[in-house]
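See below for the structure under consideration.
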Amino acid sequence: MPILAVKGLTKRFGPNEVLRNVTLALDAQEVRAICGENGAGKSTLIKIVTGVYRPDGGVLLVDGEPTEITDPQHAQELGIALVAQELSLAPALSVLDNIWLGNRKVPLFHRRKELRARARSALAKVGLGDLSLETPVSQLSIGRRQLVELARMLTRDARIFMLDEPTATLSDVEIERIFDALRALRAEGKSIIYITHRLGEVFQICDTVSVLRNGELVGTRRTQEIDRAQLMELMLGRSMGEMYPRWESRPGEPALVVRNLRVPPIVENFNLTALRGTVVCLAGQVGSGAVEVLRALAGLTFNATGNVSVAGEPLQLRSAQKAQACKLRFISEDRAGEGLFLRLNVGQNLVATRLAEYSRLGILARRGLRALAAGLAAAIGIDRARLRSPADELSGGNQQKLAFGRSIGGGEPGVLLMNEPTRGVDVGARAEIYRLIRGLCEAGYCLVLASSDIEEVLGMADVIVTMYRGRQVATYQRGEADVHRVLGDITHAVAAA
Amino acid sequence: MSAALLPAGLRFGGARARHLVLAARLVAGASIALFALGTPGFTSPLSVNALLNAVSFIGCVAVGMSFITLTGNIMSLCLGATVSASALIFLASLSLGISAAFLLALAFGVAVTAAQGLLVGYIRANPILVSIAGLSLLIGGAALVTGGQRIYPGGTGLQMFKGRVAGIPVEALYFFATVIVGQFILSWTRIGRVMLMVGSNPRAATAAGLGTAGAVTAAYAVAGACSALSGVLLAARYGSGDMELGAGYDYSAIAAVLVGGTSIQGGSGSVLRTLIGVTVIAVIEVVLLLRGFSEQLQYLITGAIVLAVIMLHTVGERP
Chain U
18 MPILAVKGLT KRFGPNEVLR NVTLALDAQE VRAICGENGA GKSTLIKIVT
68 GVYRPDGGVL LVDGEPTEIT DPQHAQELGI ALVAQELSLA PALSVLDNIW
118 LGNRKVPLFH RRKELRARAR SALAKVGLGD LSLETPVSQL SIGRRQLVEL
168 ARMLTRDARI FMLDEPTATL SDVEIERIFD ALRALRAEGK SIIYITHRLG
218 EVFQICDTVS VLRNGELVGT RRTQEIDRAQ LMELMLGRSM GEMYPRWESR
268 PGEPALVVRN LRVPPIVENF NLTALRGTVV CLAGQVGSGA VEVLRALAGL
318 TFNATGNVSV AGEPLQLRSA QKAQACKLRF ISEDRAGEGL FLRLNVGQNL
368 VATRLAEYSR LGILARRGLR ALAAGLAAAI GIDRARLRSP ADELSGGNQQ
418 KLAFGRSIGG GEPGVLLMNE PTRGVDVGAR AEIYRLIRGL CEAGYCLVLA
468 SSDIEEVLGM ADVIVTMYRG RQVATYQRGE ADVHRVLGDI THAVAAA
Chain C
3 MSAALLPAGL RFGGARARHL VLAARLVAGA SIALFALGTP GFTSPLSVNA
53 LLNAVSFIGC VAVGMSFITL TGNIMSLCLG ATVSASALIF LASLSLGISA
103 AFLLALAFGV AVTAAQGLLV GYIRANPILV SIAGLSLLIG GAALVTGGQR
153 IYPGGTGLQM FKGRVAGIPV EALYFFATVI VGQFILSWTR IGRVMLMVGS
203 NPRAATAAGL GTAGAVTAAY AVAGACSALS GVLLAARYGS GDMELGAGYD
253 YSAIAAVLVG GTSIQGGSGS VLRTLIGVTV IAVIEVVLLL RGFSEQLQYL
303 ITGAIVLAVI MLHTVGERP
């Protein structure tokens with residue numbers, strides 16, 4: 018009998034169905050990988066099983082019994098433990114305190130000695146037998162913190178461990194230690210659900226793999242019975258169809274030249290020559306350094322070094338104002354946090370970086386600004402009637418268009434740096450944003466995108482730079498790359514094989 | 003995330019919540035107006051005068067406070083002390099002539115408050131803590147210099163800042179001018195627009211390469227100038243001063259800012275709203291006074307109203 022099963026699970030957020038009729042069963046002592054592209058529904062599934070979200074349809078079975086998991090505490094009592102991507106340890110407290118922190122079974126009066134003994138045995142099981150219980154967690158590496166987290170879940174009598182991309186930010190040695198710990202847990206009779214983007218890991222550590230695509234379960238396979246290529250087919254499935262515009266490459270002169278860019282502690286010796294009228298995609302997973310390269314070029318990291326020139330002019334790094342002056346514009350994927358001024362209206366957002374051109378002696382030319390906003394709104398396809406409504410009333414897709422609109426216009430076309438240009442954007446708006454990107458390209462802009470969405474990379478790029486843990490793996494011209502090569506590069510299958 | 007966990011019925015749509023708040027505002031405004039006009043003696047010259055006076059002194063500080071709130075720095079606890087200290091400087095330097103004294107007081111207010119703005123803007127120091135430190139320094143410094151004595155004017159010319167023109171108290175004229183200049187800065191100048199953007203989303207403002215630290219400093223400088231003006235008006239009215247002169251003005255000012263509907267999170271609001279906030283509070287106070295409520299009850303009722311308004315806005319601002 019499976020210890021955990023879901024049947025016909027469905028979850029909606031507003032009009033979006035993020036999980037549709039998902040049925041899965043997990044046995045004791047099974048390590049199950051869950052794979053799928055961004056937005057496939059992996060994290061939502063985990064959050065339902067751990068009681069963070071309530072499903073809109075379907076049943077959960079624990080030990081064969083239909084169970085309604087009401088909240089994360091309830092999941093904990095059932096032995097279901099989430100090892101979160103963002104670690105939930107308290108850095109200032111000791112390893113011992115962290116292990117017992119939040120454990121509801123510790124009585125008010127307890128024997129410290131017993132707690133110590135049990136903590137020590139849990140740590141030993143995850144390979145941290147040599148760690149002093151008094152060490153503050155802040156002194157541990159990220160990898161060791163994850164192991165402490167595993168030990169913490171062990172002391173809570175967890176039977177099912179959920180790991181959401183545990184290796185995204187770890188080094189090889191640390192990953193190996195996590196794997197050892199997971200194997201030890203399995204030998205103890207525990208089950209593990211393992212979400213990952215790195216296909217190599219699926220074959221290294223997992224018994225079975227379930228693939229989600231657009232909220233639906235595509236299939237579950239034993240890892241011994243399939244190979245990488247088949248797994249990738251399951252993940253990508255659909256054709257790349259009409260989503261992406263057709264285009265002819267018309268590269269111009271170099272717009273952005275990067276030499277020896279270093280962004281400690283991730284990016285080493287990054288080099289790039291990006292031409293006008295082209296889209297360059299930096300393809301990589303979380304921790305690949307692609308995002309850090311963009312942020313460094315936009316002047317948003319304080320420790321970047323290297324030689325960068327924009328349209329032949331040298332650029333001073335580490336200053337967002339200098340980058341802006343060089344027509345280097347950054348479009349953040351985090352629209353609410355870093356991209357837009359959501360409490361200001363659409364028009365004010367559109368002209369945010371253009372105030373200097375439209376003011377005299379510090380006084381704004383309001384009529385000019387209004388005309389500018391109207392022109393930009395027309396260029397990106399936002400209704401002029403919305404110029405006065407607050408930006409937070411726009412949909413995700415329209416907000417992304419707004420971020421585009423803010424970054425274009427004003428003389429010579431510049432360089433646009435975009436991180437995950439379609440994150441949180443629905444399918445319809447996606448196609449529109451891709452057309453917008455191509456349109457800008459034809460107008461002479463140079464676009465550098467960082468993306469972990471391989472389909473998007475292949476559908477949009479003139480040049481693909483694959484990255485893995487801060488280093489460039491390869492550079493492909495349009496047509497030279499295919500899904501397998503790119504996926505292989507960014508998940509570093511070569512090293513894993 | 004948390005919104006997703008709420009049942010749909012409990013969630014406010016952005017636009018719907020805004021309409022609700024607007025309706026509540028209109029109803030509240032209308033009822034206050036009716037209540038005031040129905041109070042015997044409210045329209046008498048005496049009470050109108052009292053109203054204008056109450057509005058003017060606190061109003062200037064509230065206009066300044068609006069800039070601090072709008073740039074996302076919540077409030078300053080130091081503006082009241084700045085009012086007092088500027089008043090002392092003004093009185094003590096009257097012997098140099100009225101304009102020189104006025105400019106000195108103004109320069110003092112700007113310097114003291116802009117210095118705090120520098121710390122908040124460039125070092126990202128916590129604005130509340132910085133203002134508490136500023137408060138201590140001002141009170142300590144003043145005690146050291148004055149030895150705790152009251153300060154009396156060292157010269158003449160005070161009537162420039164008191165009396166009336168065309169039947170309107172001069173203080174009110176200065177206050178209205180402050181409102182106009184403040185609103186002009188906010189909506190017609192580049193730095194004002196940047197202040198709004200910094201308040202709305204400081205990280206986005208930094209990422210867009212706007213001069214965020216400069217805008218914050220400028221906002222504090224404006225707040226300092228407004229407080230100094232309030233200090234000068236108070237000094238002229240009372241003819242002498244000590245550090246108690248502007249005590250508590252910070253709280254009255256932030257109450258006015260919030261009642262006006264400026265967001266405590268920054269980025270949304272205006273000086274005109276603060277004008278409304280100041281007026282609403284003053285009207286309520288005058289009405290309570292005219293209806294014979296004791297001073298303690300007045301405080302209590304005003305406090306309750308401020309609380310209600312702030313809760314209303316919080317509901318409206320929830321995403």
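In the order they appear, the protein sequences are chains U and C.
Be aware that the first sequence starts at 18, since it is given in the working numbering, and climbs by one per residue.
Be aware that the second sequence starts at 3, since it is given in the working numbering, and climbs by one per residue.
For glycine and all other residues, C-beta sits at the position ideal for the given N, C-alpha and C.
Assuming residue i is part of the beta strand (DSSP E), what are its boundary residues?
{"i": "U:Val482", "result": "480 to 485"}
{"i": "U:Pro271", "result": "271 to 280"}
{"i": "U:Pro89", "result": "Here U:Pro89 belongs to no beta strand (DSSP E); instead the alpha helix (DSSP H) covers 89 to 94."}
{"i": "U:Pro83", "result": "82 to 84"}
Got a sec, what are the start and stop residues for the alpha helix (DSSP H) residue i sits in?
{"i": "U:Phe287", "result": "Run containing U:Phe287: none in the alpha helix (DSSP H); it sits in the beta strand (DSSP E), 284 to 292."}
{"i": "U:Ile397", "result": "383 to 397"}
{"i": "U:Ile222", "result": "216 to 222"}
{"i": "U:Glu525", "result": "Beyond the ends of chain U as shown, which are 18 and 514, falls residue 525 of chain U; an answer cannot be given."}
{"i": "U:Glu233", "result": "Counting along the chain, U:Glu233 falls outside any alpha helix (DSSP H), though it belongs to the beta strand (DSSP E) covering 233 to 239."}
{"i": "U:Phe347", "result": "No alpha helix (DSSP H) contains U:Phe347, which is instead part of the beta strand (DSSP E) from 345 to 348."}
{"i": "C:Asn75", "result": "Taken as a continuous stretch (DSSP letters only), C:Asn75 belongs to no alpha helix (DSSP H), as it is neither H nor E."}
Apply the 10 Å Cβ neighbour rule to residue i and answer buried if 16 or more other Cβ atoms are within range, or exposed otherwise.
{"i": "C:Tyr222", "result": "buried"}
{"i": "U:Thr184", "result": "buried"}
{"i": "C:His315", "result": "buried"}
{"i": "C:His21", "result": "exposed"}
{"i": "U:Asn320", "result": "exposed"}
{"i": "U:Glu473", "result": "buried"}
{"i": "C:Pro47", "result": "exposed"}
{"i": "C:Pro171", "result": "buried"}
{"i": "C:Phe92", "result": "buried"}
{"i": "C:Ala83", "result": "buried"}
{"i": "C:Leu8", "result": "Unreliable positioning characterises C:Leu8 in this predicted model, as indicated by a pLDDT of 36, which lies under 50. The coordinate reading is nonetheless provided below. Classification of C:Leu8: exposed, given that the 10 Å Cβ count is below 16."}
{"i": "U:Glu205", "result": "exposed"}
{"i": "C:Leu39", "result": "exposed"}
{"i": "C:Pro155", "result": "buried"}
{"i": "U:His509", "result": "buried"}
Taking 8 angstroms as the CB-CB cut-off, is residue i touching chain C?
{"i": "U:Ile380", "result": "yes"}
{"i": "U:Met257", "result": "Any reading at U:Met257 must be qualified, since the residue scores a pLDDT of 44, below 50, and its modelled position is unreliable; the value itself is stated next. Taking Cβ atoms only, chain C never reaches closer than 8 angstroms to U:Met257, which makes this a no."}
{"i": "U:Gly356", "result": "yes"}
{"i": "U:Ser349", "result": "yes"}
{"i": "U:Leu361", "result": "yes"}
{"i": "U:Ser376", "result": "yes"}
{"i": "U:Thr67", "result": "no"}
{"i": "U:Gly139", "result": "Looking at the sequence shown, residue 139 of chain U is not Gly but Ala. It does not; no Cβ of chain C falls within 8 angstroms."}
For the putative contact between residue i and residue j, defined by C-beta atoms under 8 angstroms, what is the C-beta separation to the nearest angstrom?
{"i": "U:Val66", "j": "U:Ile116", "result": "Actually they do not touch by this definition, with Cβ atoms about 23 angstroms apart."}
{"i": "C:Gly268", "j": "C:Gly201", "result": "3 angstroms"}
{"i": "C:Ala209", "j": "U:Ala315", "result": "7 angstroms"}
{"i": "U:Ser305", "j": "U:Met484", "result": "4 angstroms"}
{"i": "C:Leu120", "j": "C:Thr219", "result": "5 angstroms"}
{"i": "U:Met252", "j": "U:Gly53", "result": "6 angstroms"}
{"i": "U:Gly461", "j": "U:Gly269", "result": "7 angstroms"}
{"i": "U:Leu504", "j": "U:Met249", "result": "6 angstroms"}
Can you check whether the C-beta of residue i is within less than 8 angstroms of a C-beta belonging to chain U?
{"i": "C:Ser270", "result": "yes"}
{"i": "C:Arg275", "result": "no"}
{"i": "C:Asn51", "result": "no"}
{"i": "C:Met199", "result": "yes"}
{"i": "C:Arg27", "result": "no"}
{"i": "C:Asn75", "result": "no"}
{"i": "C:Arg192", "result": "yes"}
{"i": "C:Ser265", "result": "yes"}
{"i": "C:Arg205", "result": "yes"}
Identify the contact partners of residue i in chain B, using a Cβ-Cβ distance below 8 angstroms as the criterion.
{"i": "C:Ser202", "result": "Among the protein chains of the structure shown, namely U and C, there is no chain B."}
Ordered list of beta strand (DSSP E) runs contained in the stretch 96 to 176 of chain C, each at least 3 residues: none
Complete beta strand (DSSP E) runs within the stretch 25 to 70 of chain U (minimum length 3 residues, chain order): 33 to 43, 48 to 52
Ordered list of alpha helix (DSSP H) runs contained in the stretch 96 to 140 of chain U, each at least 4 residues: 112 to 117
Beta strand (DSSP E) runs contained entirely in the stretch 429 to 454 of chain U, provided each spans 3 or more residues: 432 to 436
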